[in-house]
Amino acid sequence: CRGIYQGRTPIPFTPGTETAGTVLAVGDGVTHLAVGDRAAAMAGGLAEQVVVPGGMTWRIPDRLSMAQATAVPVNYGTSWFALHDRGHLRRGDVLLVTGAAGGAGSAAVQLGLAAGATVIAVAGGAEKVARCNELGAHHVIDHHRLGPNAGNDAGGDAPDLVSVVRDLTGGVGVDVAYDVVGGDVAHQVRRCMAWNGRLLIIGFVGGIPDLPANHILLKNYSVVGVHWGASLARDPGALGMQMANVFDLAERGDVAPLVYPPYAFADGALALQDLADRATWGKVVVEV
Numbered sequence: 001c002r003g004i005y006q007g008r009t010p011i012p013f014t015p016g017t018e019t020a021g022t023v024l025a026v027g028d029g030v031t032h033l034a035v036g037d038r039a040a041a042m043a044g045g046l047a048e049q050v051v052v053p054g055g056m057t058w059r060i061p062d063r064l065s066m067a068q069a070t071a072v073p074v075n076y077g078t079s080w081f082a083l084h085d086r087g088h089l090r091r092g093d094v095l096l097v098t099g100a101a102g103g104a105g106s107a108a109v110q111l112g113l114a115a116g117a118t119v120i121a122v123a124g125g126a127e128k129v130a131r132c133n134e135l136g137a138h139h140v141i142d143h144h145r146l147g148p149n150a151g152n153d154a155g156g157d158a159p160d161l162v163s164v165v166r167d168l169t170g171g172v173g174v175d176v177a178y179d180v181v182g183g184d185v186a187h188q189v190r191r192c193m194a195w196n197g198r199l200l201i202i203g204f205v206g207g208i209p210d211l212p213a214n215h216i217l218l219k220n221y222s223v224v225g226v227h228w229g230a231s232l233a234r235d236p237g238a239l240g241m242q243m244a245n246v247f248d249l250a251e252r253g254d255v256a257p258l259v260y261p262p263y264a265f266a267d268g269a270l271a272l273q274d275l276a277d278r279a280t281w282g283k284v285v286v287e288v
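Structure below.
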């Protein structure tokens with residue numbers, strides 16, 4: 001996060017917001033899990049054992065591996081909240097996802113498909129494009145192959161993201177955009193919006209964009225902030241609902257988290273650096 005993310009965990013803390021493992025003990029009043037069950041949880045996961053409040057633990061469906069279950073809480077919780085609670089995604093909508101081969105983006109692709117949306121995925125490079133195709137996205141755009149004038153309002157004769165999306169949507173644009181990148185990409189994405197669209201601000205690894213109010217007005221679209229963690233502090237019960245919905249989809253086989261080959265515990269720092277360098281795809285998992 002380079003110290004610019006809106007939520008800053010006080011130091012010291014245990015990295016790894018999500019974890020999965022085998023239940024060793026349960027406290028009084030815990031009835032949804034038993035010793036020996038496989039469970040996913042939200043806790044500092046880079047540790048051999050963790051103690052977690054019962055309300056932040058969930059039984060892992062048989063279809064999911066431990067690594068896949070580790071990928072669920074934050075990425076799928078964020079994406080469920082973004083698409084359904086903030087973006088009001090409807091069956092038949094066109095959904096544009098940037099960073100679509102990453103942990104959050106791949107979750108958005110799968111949840112969008114499960115909701116009946118037409119999904120346009122944006123990723124960089126042949127390997128990440130292949131991952132998006134495996135996820136089932138209807139259209140996949142390789143941003144490495146877009147023209148040098150991409151995002152420039154002055155236009156140009158090289159194809160950019162906006163022209164490609166317009167071609168794919170018959171000139172209409174997208175109903176919902178899920179943007180994890182920010183920066184110059186956000187300016188390309190906002191030009192892809194349909195009338196009454198919803199532009200979801202998930203993150204800004206590419207920089208914090210300065211979006212022009214006149215453009216938002218002219219196309220009558222909404223720019224919607226998505227701060228999942230803060231929302232849970234105000235509505236703690238929402239987490240259980242979100243996880244119930246996502247794990248139900250996983251049980252039915254409608255979602256299956258995309259996981260990068262796991263790192264060994266000793267390579268935990270390397271995993272974080274590779275993630276920062278955008279050298280990975282899917283969810284980065286460390287095996288303890």
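Oh and the sequence shown: position 199 is 199 in our numbering, straight run, nothing missing.
We put the beta carbon where it would ideally sit given N, CA and C, even for glycine.
The structure displayed is predicted, hence computed values, not measured ones.
The distance from the Cβ of Val224 to that of Gly87 is about 7 Å, consistent with a contact at the 8 Å cut-off.
If you draw a straight line from the Cα of Gly102 to the Cα of Asp184, it comes to about 18 Å. For the pair of segments examined, the region 199-208 was found not to touch the region 20-31: the number of CB pairs separated by less than 8 Å stays below three. Judged by DSSP secondary structure, Tyr221 falls outside any beta strand (DSSP E); it is assigned neither H nor E. Contact annotation: the region 40-53 does not touch the region 224-237, with fewer than three C-beta pairs closer than 8 Å.
In this chain, Glu48 is not harboured by any alpha helix (DSSP H), its DSSP state being neither H nor E. If you keep only unbroken beta strand (DSSP E) runs of at least 3 residues inside the region 253-279, you get nothing at all. DSSP places Val164 in the uninterrupted alpha helix (DSSP H) bounded by 161-168. A Cβ-Cβ distance of about 30 Å is found for the pair His144 and Gly116, leaving them out of contact under the 8 Å criterion. The shortest CA-to-CA distance from Val288 to any of Phe13, Glu18, Pro10 is the one to Glu18.
In the DSSP assignment, the residues bridged to Met42 are Glu18. The shortest CA-to-CA distance from Met42 to any of Ser222, Val72, Gly170, Val176 is the one to Val72. Put simply, the backbone Cα of Ile216 is about 51 Å away from that of Gly27. Counting along the chain, His139 sits inside the beta strand (DSSP E) bounded by residues 139-142. Within the region 84-138, complete alpha helix (DSSP H) segments of at least 4 residues are found at 103-114, 126-135, given in chain order. Taking each of Val30, Ala130, His139, Val129 in turn and checking the Cα distance to Leu113, the smallest one comes out for His139.
Contact between Ala67 and Val259 holds: CB atoms are separated by about 5 Å, below the 8 Å threshold.
Comparing alpha-carbon positions, the option among Asp142, Leu111, Ala137, Ala104 lying closest to Ala126 turns out to be Asp142. Residue burial annotation: Phe81 is buried, with at least 16 other C-beta atoms found within 10 angstroms of its C-beta.
Cβ-Cβ distances below 7 Å link Arg191 to Val162 in the same chain, with the five nearest sequence neighbours on each side left out; the list follows chain order. Per DSSP, Asp184 is not a residue of any beta strand (DSSP E); the alpha helix (DSSP H) it occupies stretches across 183-190. The beta carbons of Val109 and Val119 sit about 5 Å from each other, so the pair counts as a contact at 8 Å.
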